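Heads up: the structure comes next, in structure tokens.
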Amino acid sequence: MSARRLTRRNLLLGTAALAPLLSRRAWAFGEKSRFIPAVAKHGGRWDGRLSGLRRIAWELQRRTSVEVVPDARPFALSSPDLFEYPFLYFGGDGAFPPLSEAEVANLRRYLTYGGFMLADANDGSDGDGFDASFRREMARVLPQSPLTEVGSGHVVFKSFFLLDAAPGRLLNKPQMLAANLGKRSAVLYSQNDVAGAWSRNETGDFEFDVSPGGEPQRELAVRLGINVCMYALCLDYKDDAVHLPLILNKRR
Amino acid sequence: MNSPTFNAWKLVSLSPLPTWAVVFLALGLLLGVALAAWGVRKEPSRGRRVLLWALRVGAGVAALFFLLEPGIRHLQVARMKNRVAVLVDRSASMDFPSEPGGPTRTAQVARFLEKAAPGLEALQDRFTVELHGFDPELTPVTAASLVKEPPRGGTTDLLSALRSVAGAGQGARKLSGVLLLSDGTDNAELKSGAVGRARAALVDLGVPVSTFTVGQEALKDLSIEALKVDDFAFVRNSLTVEAEIHGRGFRGQEIPVVLRQEGKTVASKTVRLETSDDVKPVSFTFTPDQTGRFVYTVSVPTFPDEAVAENNSRSFTLKVIRDRVRVLLVVGRPSWDERYLRGLLKQDANVDLISFYILRTLSDDPGTNNDRELSLIPFPMEEIFDTKLDTFDVVIFQNFGYTDPSLSIAEYERNLERYIHNGGAFVMLGGDSVLGEGRANMPTLMEALPVVAAGPANPEPFTARLTPEGLRHPVTAIGMGASATEAAWTQLPPIPGANLTRARPGATVLLEHPHLTTDGKNAPLVAVWDYGRGRSLVMATDASWYWAFAAHRDGSPNRAYDRFWGNALRWLVRDPDLTTLKVTADPPAVEPGRPVAVVVQARSADYQPAQDAQVRVELFSVASQKAVAVQTGATGQDGVVRLEFAPPEPGPYKLLATAKKGETELGQGEDAVAVRAVGPELSDASVRPELMEAIAQVTGGKSYKLPQDGLPDVPLLDPPVVEVGRAKDQPLWDRWYYLVALIGLLGAEWFARRRFGYV
């Protein structure tokens, strides 16, 4: 659902916002070391939030020092090319059929050797729809790493912005779930359609309303998105002792 | 046939009865005497009672006499000639003057022996007098030989000498006494005095040791005593060296004490000696900044009137090793390259990682004006690039380079360059901000790098190619052996883009671009070199993470990336195991007059033992900065050879080794060795009369001080006496008057009893 009307002014602003990403410098050294989210193609509706991913990449470029390519690259989960993109977005609207054995094996290898996956229930489901399918598949991909709630002390809540909760377009669950491999959270899973809050249409308008918090909640969802990207890039950097006193002081 | 001449006699029993029978009869006799006494117990007259008791006892004694059959045994005996040992200390300290300006202690001993010669001669009728020097081995000496041959022993071991001289008489002549002539400066078992086990050992000798203390106590001397330091230390961790300054005759003077590392002053302190014989502890705390083995020297000035100059300095070697590798990772911006390197370094238990990432620059708009909503901290540039820089073993710049005033390190570039030059290790990883790209402008730091920027980056994917140097370099040795390493590199995924650089003269390129060239040479991807005492490495890409992640795309686990970085860190911090030539001084500290030995272990480029390698070792004097000797040899099957140098002058030395197998260089290595100016023997010119007195007291001897005019009356054990001929028994019991006396006593008692009315 569009939040803003498509006007000539909005169109110009939206186009201008992407301009920094098109500068020549950004391409001078190749794009592969930049932040580019890969998107998992599965048997269900997987492509509903591509504009959201472009948007969060743009936000990342604007707000942090991270260099991005404002693109989302869809891949079949069985594709070896996935290994060129350590950040994978796995979203969907509604249930999806089981992954093939090759997809499960490739995704397991991807996550085990350092890949990161952000899963996102675009339908806000809980116990059915995308949620049920995703939990079923995760039990196959990482049977030794069940999804557990991400505690408020997790580094993802302080990797750039200081956050307390993990809202998206919705606020079904205040926190995300994680599948951990050792100390690293290889999978973070939101049931709040976090990419839905980021999505904009071609004219630059937000595609969906955010509830129950409205625009402030959207800003928090964007900040959460940046924190998730930063966590994928920096791991537990913000858990280093040097940051601790300042973060504790700010949280006071 | 001449009758034997008897010169001794003794009283013996000639009774043919067995002992048990004699005892039995004697008991019967006693019983008879007792019964007789019992029978007259009620006699009212005391005089009668005593008379009867005396007569019966007398009769009993007379009967016992007949029972035992006493006799005189005439003997022919001789007295054994035992040994008396005169032990003369031949340790080096006996060459010290006995008094300021006086003769040496040994000369004083020689003079005493000449004066004591008549006294020793007088003992010859009962004893064999032996004269030994000990150093600590026993050798025969004379007064003349003492003067001719100066004492050279490296230690004084009085107990060992006493044991040796006591044991020499086993089965032959026994020892009756020892005359010990020494200054008492024992540095073995009796170092702490005649106490505990050492005291028990002296008692066990079983002979009186009379001691003659040589030398006066009031010498003027300054010495380094009791140096306490561990054999090894951790680099960049503080270390304390404790020394004791012993000064005699320096009351009230302030003495400067200096600690040097191979000629370079590390620390200095001043101690004030309060009394005329004072020992002052002094400790130096310093932080070694480089791994390796080094020679350190603690020294005090030498004054003109000192008894001994050689004990004014003392050297020791210190092996400086690394604890955990402390790595500083400074990242220009978060990227996948940073993410995989961090993941690797964080999981390595041997790495202590400190990271600083630029998460936001001035041009970034975080979307909030309230800093409390951000987790960012200010970049502590001064702290890490100035105050704490030397605490890191390795500094890694990952695509880091800014000209923005708030992020520029221009002010600290010189610090970094000096850090590397002085022994630090530095890694620069490429990217779009450095090595000629983008914003970075660090000319001073670039001086320390093995490459220079040569043009814009090339974004074409390529497979890195191992150079011939890379094939045998430990940094790129990711396989078991050269062929496995080469295969491992060719199997790694292509890298998407590289900075275009050119190797500096002297740099070693390990990996290169297969077709991108600068000045006709392939562009380096990984290059290394030694810069000053430090090392630096450049990787001209920000995409080495492909070796970590994309390498797994085909399913087979690949640890090449981990091994590459593990090797790189070990090489950067000079891990001794990564040298092809391992040089070890054996031992690292050498007593004066001893040869310097070195063990060299040579390995080929694939780290296999290099058999029959030609090894050349140079003994290099740190003090004179000159090579003083060279030894060559060939390694055995295990790639090891042991070489030995003739005893050099005291001082710090380096052992510089090179090895060749055929025409192939196997590398070079070095170690340090300290040749001590003085051993423990010469470190102290004092004498210890109290130890000499204690030895005499414990063993039953007497203690004296030299000079003595002749031999005093020393206690000696008497030699034992032994029968040397046959014996002759002369009975005493078979005389008629003994029988008359017995009968008379018995008769008198019978008469008295009848007279007193008892029968």
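Which chain is which? The protein sequence lines are A and B, in order. Just so we're aligned, residue 32 is where the first sequence starts under my numbering, counting upward by one. Just so we're aligned, residue 409 is where the second sequence starts under my numbering, counting upward by one. C-beta atoms are modelled at their ideal positions from N, C-alpha and C, and glycine is treated no differently. This structure is a prediction, so every number in the text was calculated from the model and none was measured.
Item, Value
"Are there 16 or more other CB atoms within 10 angstroms of the CB of ALA892/B, so buried, or fewer, so exposed?", "exposed"
"Is the Cβ of HIS881/B closer than 9 Å to any Cβ of chain A?", "no"
"Verify the CB distance criterion: does HIS274/A have a CB-CB separation below 9 Å to chain B?", "yes"
"Output needed for HIS881/B: all residues of its chain with C-beta closer than 6 Å, excluding positions within five of it in sequence on either side, in chain order.", "LEU918"
"With distance defined between alpha-carbon atoms, name the residue in GLY440/B, VAL622/B, ARG826/B nearest to ALA518/B.", "VAL622/B"
"Give the interface partners of ASP772/B over in chain A, defined as CB-CB distance under 8 Å, in chain order.", "ARG93, ARG94, THR95, SER96"
"Quick one: is PHE520/B buried, meaning 16 or more other Cβ sit within 10 Å of its Cβ, or exposed?", "buried"
"If you follow the alpha helix (DSSP H) that LEU459/B is in, where does it begin and where does it stop?", "454–476"
"Could you give the C-beta distance for PRO1123/B and PRO544/B, rounded to a whole number, given that I count them as a contact under 8 Å?", "The Cβ separation is near 24 Å, so there is no contact."
"Provide the residue span of the alpha helix (DSSP H) that contains GLN1116/B, from first to last.", "Unbroken run through GLN1116/B: none, as it is neither H nor E."
"For LEU726/B, which residues does DSSP report across the bridge?", "PHE702/B"
"With burial defined as no fewer than 16 other Cβ atoms inside 10 Å of the residue's Cβ, what is the status of THR648/B: buried or exposed?", "exposed"
"How big is the Cα-Cα spacing for SER216/A and TRP955/B?", "22 Å"
"Report yes or no: is there a C-beta of chain B within less than 9 Å of the C-beta of ALA263/A?", "yes"
"Could you check whether GLY75/A and LEU113/A sit closer than 9 Å to each other, using their CB atoms as the reference points?", "no"
"Using Cβ-Cβ distances below 7 Å, what residues of the segment 110–123 of chain A are close to chain B?", "PRO111, PHE114, GLU115, PRO117"
"Please return the same chain residues whose Cβ sits closer than 7 Å to the Cβ of PHE793/B, not counting the five positions on each side in sequence.", "ILE817, TYR820, ASN823, LEU824"
"Measure from the C-beta of SER891/B to each C-beta in chain A and report whether the shortest distance is under 9 Å.", "no"
"Where SER176/A and GLN206/A are concerned, what is the direct C-alpha to C-alpha distance, given to the nearest angstrom?", "18 Å"
"So if I threshold CB-CB distances at 9 Å, which residues from the segment 67–84 of chain A count as touching chain B?", "none"
"For TYR1166/B, does the three-state DSSP call read helix, strand or coil?", "coil"
"Once the 5 residues before and after ASN830/B are set aside, which same chain residues still bring their CB inside 7 Å of it?", "ASP697, GLY940, ARG941, GLY942"
"Give the residues from the segment 777–788 of chain B that approach chain A closer than 7 Å (Cβ to any Cβ), ordered along the chain.", "ARG780, GLU781, LEU782, SER783, ILE785"
"Does the beta carbon of ILE817/B sit closer than 9 Å to a beta carbon anywhere in chain A?", "no"
"Assuming contact is defined by CB atoms lying nearer than 9 Å, are ASN866/B and LEU908/B in contact in what I supplied?", "yes"
"Can you say whether ARG55/A is buried or exposed, counting buried as having 16 or more other CB atoms within 10 angstroms of its CB?", "Because the pLDDT of ARG55/A is 41, which lies under 50, any placement of that residue in the model is unreliable, and the question is left without a value."
"What does DSSP give as the partner residues of PHE642/B in its beta bridges?", "ILE729/B"
"Measure the C-alpha to C-alpha separation of LEU142/A and GLU781/B and round it to an integer number of angstroms.", "31 Å"
"How about ASN258/A and SER190/A: are their beta carbons less than 9 Å apart?", "yes"
"Do you know how far the Cα of ALA1018/B is from the Cα of GLU1073/B?", "11 Å"
"Give every residue of the same chain whose Cβ lies closer than 7 Å to the Cβ of ARG656/B, excluding the five residues on either side of it in the sequence, and list them in chain order.", "LEU627, LYS628, ASP629, SER684, ASP685, SER1094"
"I want to see whether chain A comes within less than 9 Å of PHE793/B, judged by CB atoms only; does it?", "no"
"Compare the C-beta of SER176/A against all C-beta atoms of chain B and say whether one is closer than 9 Å.", "no"
"If we ignore side chains and look at the alpha-carbon of each, how far apart do PRO1003/B and ASP1046/B end up?", "24 Å"
"Which first and last residues belong to the alpha helix (DSSP H) in which ILE828/B is found?", "821–829"
"To the nearest angstrom, how far is it from the Cα of VAL883/B to the Cα of PHE118/A?", "30 Å"
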